[in-house]
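A short worksheet on the structure shown next.
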Amino acid sequence: MSDAVQTPSQSQFTKRVFSGIQPSGGLTLGNYLGAVKRFVEMQQADYETLYCMVDLHAITVWQDPETLRFRTRELAAFFIASGLDPAKSILFNQSAVPEHAQLGWIFNCVARMGWMQRMTQFKDKAGKNAQNASLGLFGYPALMAADILLYHATHVPVGDDQKQHLELTRDIAIKFNHDFGVDFFPITEPVIGGPAARVMSLRDGSKKMSKSDPSDLSRINMSDDTDTIAQKFRKAKTDPDALPSEADGLEGRPEARNLVGIYAALGDETVDQVLADVGGKQFSEFKPMLVDRAVEKLAPISTEMARLMQDTTELDRVLKDGSQRARAIAAPILKKTYDIVGMLQS
Ligand code: AQP
Numbered sequence: 234m235s236d237a238v239q240t241p242s243q244s245q246f247t248k249r250v251f252s253g254i255q256p257s258g259g260l261t262l263g264n265y266l267g268a269v270k271r272f273v274e275m276q277q278a279d280y281e282t283l284y285c286m287v288d289l290h291a292i293t294v295w296q297d298p299e300t301l302r303f304r305t306r307e308l309a310a311f312f313i314a315s316g317l318d319p320a321k322s323i324l325f326n327q328s329a330v331p332e333h334a335q336l337g338w339i340f341n342c343v344a345r346m347g348w349m350q351r352m353t354q355f356k357d358k359a360g361k362n363a364q365n366a367s368l369g370l371f372g373y374p375a376l377m378a379a380d381i382l383l384y385h386a387t388h389v390p391v392g393d394d395q396k397q398h399l400e401l402t403r404d405i406a407i408k409f410n411h412d413f414g415v416d417f418f419p420i421t422e423p424v425i426g427g428p429a430a431r432v433m434s435l436r437d438g439s440k441k442m443s444k445s446d447p448s449d450l451s452r453i454n455m456s457d458d459t460d461t462i463a464q465k466f467r468k469a470k471t472d473p474d475a476l477p478s479e480a481d482g483l484e485g486r487p488e489a490r491n492l493v494g495i496y497a498a499l500g501d502e503t504v505d506q507v508l509a510d511v512g513g514k515q516f517s518e519f520k521p522m523l524v525d526r527a528v529e530k531l532a533p534i535s536t537e538m539a540r541l542m543q544d545t546t547e548l549d550r551v552l553k554d555g556s557q558r559a560r561a562i563a564a565p566i567l568k569k570t571y572d573i574v575g576m577l578q579s
């Protein structure tokens, strides 16, 4: 290790939050409840917060260039409309901070093939056609580790599906620190939980709500209007029983659990609080309550998104400012990383 490298001990890292979303297509209620709503909550707390449109991740599967540009701005609009304040949080797109790709390369050389081969998201996304998947899709979790560790982020709010990737981020930090005899990268804490950590498909309570599900009825899109939201919840799969009064009663009832979890998260309640109120009701009575709550929460967000998208000059300004602030944090951390690894720098 170079004498010039100062390495803080784990307790000395600033409390800093990083998370990202791919600008790869229709945003869902899963993205909102599992991720962005949590981002907003952490912005209120005692953290420095960075939230990123991870466009380099998006191109691990084919993206039409014009559409990608549109989706990146749309995602920025979603962040702001949901309550992220560009004055408080650093909002930016990943490719505007080249240090992500640079640290990503270093981590490609730290991560082991065996670790990557265990990643279930790659298996799910590549499916039976793994030989034809991009190398980027396989390396995705190493770049994600770079996104996080480039800022020495200590906390990462994500949905439950990202748990394995965050464990890999920790493994990469531990191996890097160990290999080079430093305490340079923090061992990041995932922030996962709450009643909607994994929002499930409205058609099948065993599948994650996802933008790539072929059935549009399986998800609530952030762009859905009131009638569409009402229709999708009306058609949502349920079972014939009344709602229980306690969470234990949701055991073995994935669709009921999902709808109650969504209702709870939208109203900032726990599942127990909701069931104390609605226990004994039939779905025919509960679903209209759910629609009302969803529309009340989501309609202002989609209206504000549409307004922000009318003139994208302001969004572009926010992203430019965010990328400059992000680079100011990232550049010295990358420089120290290069120094630790032994790269000659002029
Ligand atoms: N259903 C969900 N429940 C809770 N959280 C979710 N997230 C996504 N879906 C759910 C969280 O949203 C953040 C952004 O995820 P991403 O950009 O990686 O997108 P994704 O997970 O690939 O989204 P999809 O909709 O699932 O896309 P496809 O269909 O392409 O696989 C993450 O924090 C994620 O946990």
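Note that the numbering used here gives residue 531 to position 298 of the sequence shown, counting from 1, and the numbers run on in steps of one.
Ideal placement from N, C-alpha and C gives every residue a C-beta, glycine not left out.
Residue closest to residue i, alpha-carbon to alpha-carbon, out of the options
i: THR387; options: ALA509, VAL424 and LYS396; result: VAL424
i: PHE516; options: ALA532, TYR496 and ARG306; result: TYR496
i: ILE453; options: ILE420, TYR571, PHE246 and TYR265; result: TYR265
i: THR545; options: ALA366, LYS270, THR305 and GLN296; result: THR305
i: ASP393; options: LYS441, VAL415, ILE405 and LEU383; result: LYS441
i: MET576; options: TRP338, PHE312 and GLY267; result: TRP338
i: MET538; options: ALA314, GLY369, ASP318 and GLN464; result: ALA314
i: VAL528; options: PRO477, ARG351 and SER456; result: SER456
i: PHE303; options: LYS569, LYS568, SER579 and LEU548; result: LEU548
i: LYS569; options: THR536, ASN410, ARG490 and ILE534; result: ASN410
i: GLY426; options: VAL391, PHE413 and ASP412; result: VAL391
i: PHE466; options: MET346, SER244, ALA359 and SER434; result: SER434
i: GLY316; options: VAL415, GLU274 and ASP412; result: GLU274
i: THR461; options: MET349, ASP525 and LYS356; result: ASP525
i: SER244; options: LYS356, LYS358, GLY263 and THR421; result: THR421
i: MET349; options: SER367, PHE371, VAL415 and VAL269; result: PHE371
i: GLY355; options: LEU483, ASP481 and TYR373; result: Before going on, a small fix: residue 355 reads as Phe here, not Gly. Among LEU483, ASP481 and TYR373, the Cα nearest to that of PHE355 belongs to TYR373.
i: THR261; options: LEU308, THR536, LEU289 and PHE272; result: LEU308
Presumed contact (8 angstroms Cβ cut-off) between residue i and residue j, rounded CB distance
i: LEU492; j: LEU523; result: 6 angstroms
i: GLY253; j: TYR280; result: The Cβ separation is near 16 angstroms, so there is no contact.
i: LYS444; j: GLY259; result: 5 angstroms
i: SER478; j: GLY512; result: 3 angstroms
i: ILE562; j: PHE417; result: Actually they do not touch by this definition, with Cβ atoms about 15 angstroms apart.
i: GLY369; j: THR293; result: 4 angstroms
i: THR459; j: ALA359; result: Going by Cβ atoms, the distance from THR459 to ALA359 rounds to 37 angstroms, so no, they are not a contact pair.
In DSSP terms, what residue i is bridged to
i: PRO390; result: VAL424
i: ARG249; result: GLU281
i: SER322; result: THR282
i: LYS441; result: MET433
i: ILE254; result: MET286
i: ASN264; result: Partner(s): none; ASN264 has no beta bridge.
i: ASN454; result: THR261
Proximity test, residue i beta-carbon vs ligand 1 heavy atom, cut-off 6 angstroms
i: MET275; result: no
i: ILE495; result: no
i: GLN327; result: no
i: SER445; result: yes
i: ILE254; result: yes
i: GLY380; result: Reading off the sequence, residue 380 comes out as Asp, not Gly. The answer is no for ASP380.
i: VAL330; result: no
i: ASN454; result: no
i: ASN365; result: no
i: MET249; result: Residue identity differs from the one stated: residue 249 is Arg in this sequence, not Met. False, no ligand heavy atom lies under 6 angstroms from that Cβ.
i: VAL440; result: The sequence as given places Lys at residue 440; Val does not occur at that position. LYS440: no, Cβ never under 6 angstroms from ligand 1.
i: ALA386; result: no
i: ARG490; result: no
i: ASP394; result: yes
i: GLY267; result: yes
i: ASN264; result: yes
i: VAL528; result: no
i: VAL504; result: no
i: VAL389; result: no
i: ARG540; result: no
Beta carbon of residue i nearer than 7 angstroms to that of residue j
i: ASN341; j: ALA310; result: no
i: ARG431; j: SER448; result: no
i: PHE325; j: ALA559; result: yes
i: ALA378; j: THR353; result: no
i: ILE566; j: LEU383; result: yes
i: GLN327; j: VAL389; result: no
i: PRO473; j: SER439; result: no
i: LYS530; j: LEU508; result: no
i: HIS333; j: ASP297; result: no
i: VAL343; j: ILE405; result: yes
i: HIS385; j: PHE246; result: yes
i: VAL504; j: PRO428; result: yes
i: ALA291; j: GLN335; result: no
i: GLN276; j: SER322; result: yes
i: LEU476; j: LYS514; result: yes
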